[in-house]
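Residue numbers (the numbering used here): 1 to 117.
Shown next, in the form of structure tokens:
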């Protein structure tokens with residue numbers, strides 16, 4: 001998947017063959033913000049305009065813009081896996097958050113070593 005980046009936000013890049021345009025949306029926020037360009041060379045600029053407009057609109061409305069990543073998320077796992085993770089974290093002198101964070105980092109390192117998987 002191709003993405004564009006600007007001011008800490010990421011956006012998707014898609015080709016709409018029916019309309020013959022490039023389009024996308026700001027990813028990982030609760031609001032829907034879309035953009036479109038007539039060619040691939042213009043999509044980055046249109047994304048930046050959309051981000052700036054989103055930030056300006058939030059300011060005018062007196063509300064905080066969604067942050068793409070705030071560092072917390074809910075994970076649903078089987079109770080036995082939850083118990084095992086909590087016990088392993090405790091035995092290693094870690095909080096469950098630190099233990100899960102380390103596990104995710106280790107998995108990401110493996111994914112970068114084997115990008116096809």
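In this text, a Cβ means the ideal position worked out from N, Cα and C, and glycines have one as well.
Quantities reported herein were computed from a predicted structural model and do not represent experimental measurements.
Check                                                                                               : Outcome
Three CB pairs or more closer than 8 Å across the region 74 to 93 and the region 31 to 43           : no
Residue range of the beta strand (DSSP E) that includes residue 2                                   : It is not in any beta strand (DSSP E) - residue 2 carries neither H nor E in the DSSP assignment.
Expected contact under 8 Å - CB spacing of residue 10 and residue 23 to nearest Å                   : Wrong, their Cβ atoms sit about 15 Å apart, outside the cutoff.
Cβ-based neighbour list, residue 44, same chain, cut-off 7 Å, excluding 5 preceding and 5 following : 4
Span separating the alpha-carbon of residue 2 from that of residue 21                               : 15 Å
Exposure label - residue 59; buried when at least 16 CB within 10 Å                                 : exposed
C-alpha distance - residue 89 paired with residue 46, whole-angstrom precision                      : 45 Å
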